[in-house]
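These notes concern the structure reproduced below.
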DNA sequence: AACGCCGCCTGATCGC
DNA sequence: TGCGATCAGGCGGCGT
């Protein structure tokens with residue numbers, strides 16, 4: 027699932043490709059991904075607009091455009107299965123294409139198998155986000171954790187606490203910090219909160235540096251037609267190969283060899299080492 | 001007001 | 001074998 031590193035790598039990939047491009051056509055195949063923006067308003071406001079920039083905020087993409095002299099922002103989210111990429115104008119559209127922005131020689135394609143993502147002119151959801159992981163002091167982070175009795179793993183998924191951490195990197199950061207995912211957030215001490223914040227930043231940065239966990243725009247089967255972003259040249263160099271706990275239930279811990287555990291918290295899988303993460 | 005729970009979706013996997 | 005049931009999961013909305 028795309029989290030902060032995947033979205034950051036995607037933003038870096040798309041930014042130079044989109045800059046200066048003008049939207050000449052807007053095809054809406056799945057209107058629900060625009061919500062709450064009305065499809066007619068979406069088309070009217072985007073047609074003729076030119077891309078002037080692309081930012082990332084948490085797991086969101088902020089497409090900056092100008093229409094005549096009026097600036098506007100388009101908000102993108104990949105949900106679970108979303109992909110956004112440029113493809114030649116004449117390429118057939120994938121089965122689960124949600125929106126196509128026609129840019130001339132190329133199309134900007136947003137496809138999403140489960141349609142959990144968004145491409146909308148409503149910015150409200152991005153405005154609720156907590157700070158980026160690198161814009162937090164350890165004291166602020168500790169203060170936020172203190173107010174919660176939820177398990178710390180569950181709390182890390184709360185985007186209003188901190189933006190960008192999802193299910194994969196929450197487990198990975200807790201392993202690195204040697205903190206049990208079951209510990210109540212409010213009982214994490216000041217020094218442990220500092221350690222956790224450092225671990226979160228390190229895990230996210232390493233994933234960005236290795237080109238994110240997964241290729242984000244592969245078409246069709248996983249083994250076919252891969253188009254990689256970032257520095258890695260092959261799938262084995264992606265961050266997936268560096269994950270210590272995520273999706274490794276039953277496999278030996280890379281540190282102590284004990285089998286990695288899988289538990290369910292708030293209806294989501296958590297992976298951790300019961301030996302290394304006792305507090 | 002923090003928190004639990006549901007609905008949204010499809011494809012992979014499971015069970016009989 | 002084949003097919004229906006179950007599950008996964010980010011996030012908004014809603015109820016407590």
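In my numbering, the protein residues as written are 27 to 305. The C-beta atom is built at its ideal place from N, Cα and C for all residues, glycine as well.
Exercise for the section: For the segment 105-121 and the segment 64-83, state whether three or more C-beta atom pairs, one from each stretch, are separated by less than 8 Å. Expected result: no
Exercise for the section: Tell me whether residue 148 sits in a helix, a strand or coil according to DSSP, three-state version. Expected result: Residue 148 falls in the coil class under three-state DSSP.
Exercise for the section: Would you identify the three-state DSSP class for residue 68, choosing helix, strand or coil? Expected result: helix
Exercise for the section: Go to residue 269, then tell me how far its alpha helix (DSSP H) extends in each direction, as first and last residue. Expected result: Note, residue 269: premise wrong, no alpha helix (DSSP H); not H, not E.
Exercise for the section: Using a threshold of 8 Å, state whether the C-beta atoms of residue 234 and residue 59 are closer than that. Expected result: no
Exercise for the section: Measure the Cβ-Cβ separation of residue 113 and residue 56 and say whether it is below 8 Å. Expected result: no
Practice task
Locate the beta strand (DSSP E) running through residue 136, then write down its first and last residues.
Solution key: 132-138
Practice task
In angstroms with no decimal places, state the Cα-to-Cα distance between residue 106 and residue 192.
Solution key: When rounded, the distance between both Cα atoms is 11 Å.
Problem - Assigned secondary structure, residue 216 (DSSP; H/G/I helix, E/B strand, else coil) - result: helix
Exercise for the section: Look at the alpha carbon of residue 179 and the alpha carbon of residue 298, and state the distance between them as a whole number of angstroms. Expected result: 10 Å
Handout entry: Local conformation of residue 164 per DSSP, three classes
Key = helix
Problem - Collapsed DSSP secondary structure at residue 127 in the structure displayed - result: strand
Problem - residue 184 versus residue 94: straight-line alpha-carbon distance, rounded - result: 38 Å
Problem - Alpha-carbon spacing of residue 78 relative to residue 129, whole angstroms - result: 14 Å
Exercise for the section: Since I believe residue 41 is in contact with residue 88 (beta carbons under 8 Å), could you give me their beta-carbon distance rounded to a whole number of angstroms? Expected result: Actually they do not touch by this definition, with Cβ atoms about 11 Å apart.
Handout entry: residue 303 versus residue 286: straight-line alpha-carbon distance, rounded
Key = 11 Å
Practice task
Specify the secondary structure class of residue 287 as computed by DSSP and reduced to three states.
Solution key: strand
Handout entry: C-beta contact flag for residue 167 and residue 219 at 8 Å
Key = Going by C-beta atoms, residue 167 is nearer than 8 Å to residue 219.
Handout entry: N- and C-terminal bounds of the beta strand (DSSP E) containing residue 38
Key = For residue 38, there is no enclosing beta strand (DSSP E); the enclosing alpha helix (DSSP H) has its first and last residue at 30-44.
Practice task
Measure the alpha-carbon distance for residue 200 versus residue 155 and round it to whole angstroms.
Solution key: 21 Å
Exercise for the section: Evaluate residue 146 with the Cβ neighbour count: other Cβ atoms within 10 Å of its Cβ, from every protein chain shown; 16 or more gives buried, anything less gives exposed. Expected result: buried
Exercise for the section: Pick out whichever of 51, 208, 109 and 142 has its Cα sitting closest to the Cα of residue 174. Expected result: The shortest CA-to-CA distance from residue 174 to any of 51, 208, 109 and 142 is the one to 208.
Handout entry: Span separating the alpha-carbon of residue 152 from that of residue 127
Key = Roughly 22 Å between the two C-alpha positions.
Exercise for the section: Please report the residue range of the alpha helix (DSSP H) in which residue 202 lies. Expected result: 193-203
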